[in-house]
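Peer 1: Just so we're aligned: the sequence shown equals residues 15 to 107 in the working numbering.
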Amino acid sequence: MNDEDEIDTIARKAKAMEDARKRRRESAWYGLAMFGMVGWAVAVPVIAGTAIGLWIDRRWPGEASWTLILLLGGAALGSLNAWYWVQREGRDD
Numbered sequence: 015m016n017d018e019d020e021i022d023t024i025a026r027k028a029k030a031m032e033d034a035r036k037r038r039r040e041s042a043w044y045g046l047a048m049f050g051m052v053g054w055a056v057a058v059p060v061i062a063g064t065a066i067g068l069w070i071d072r073r074w075p076g077e078a079s080w081t082l083i084l085l086l087g088g089a090a091l092g093s094l095n096a097w098y099w100v101q102r103e104g105r106d107d
């Protein structure tokens, strides 16, 4: 096998892999998986912030509602996290 044959083989395999990647991204399952991943990226920080806020409010009661503050902080962090994942997936095209 000469160098040209090897280069052609590698090029064919690379094109086949790219085509398979494009077909996978066009499937409904891929869209549902992406939707779920973005949902979890938002839900986990919101739930964690709320839980920590409740714990702080019960342990050290005060004027400020740490539950609300950390819930909003978790929502902001989750939104940034979701934006990161969507940007990362869009960049892979």
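The beta carbon of each residue, even a glycine, is placed where N, CA and C say it ideally should be.
1) Near S79, what residues of its chain come up, given a Cβ to Cβ distance below 7 Å and the 5 sequence neighbours on each side ignored?
2) Taking the alpha-carbon of L91 as reference, which of R102, G76 and V52 has the nearest alpha-carbon?
3) Identify which residue in A57, D19 and M48 has its Cα closest to the Cα of R102.
4) Taking the continuous alpha helix (DSSP H) assigned at A62, which residues delimit it?
5) How many whole angstroms separate the CB atoms of L84 and T64, which I take to be in contact at a CB cut-off of 8 Å?
6) Where does N16 fall in DSSP's three states?
7) Find out if the Cβ-Cβ distance for the pair L67, T81 is shorter than 8 Å.
8) Helix or strand or just coil, what does DSSP make of E103?
9) Excluding the 5 residues flanking V58 on each side, which residues of the same chain have their C-beta closer than 8 Å to its C-beta?
Peer 2: Answer, in terms of the structure:
1) Within the same chain, D71 come within 7 Å of S79 by CB-CB distance, once the 5 residues on both sides are set aside.
2) The candidate whose alpha carbon is nearest that of L91 is V52.
3) Per the C-alpha coordinates, the member of A57, D19 and M48 positioned closest to R102 is M48.
4) Segment A42 to R73, the alpha helix (DSSP H) holding A62.
5) Correct: roughly 7 Å between the Cβ atoms.
6) Note: N16 maps to coil in three-state DSSP.
7) The sequence given here has Gly at residue 67, not Leu. Going by C-beta atoms, G67 is nearer than 8 Å to T81.
8) DSSP, read as helix, strand or coil, puts E103 in helix.
9) Cβ within range, chain order: G92.
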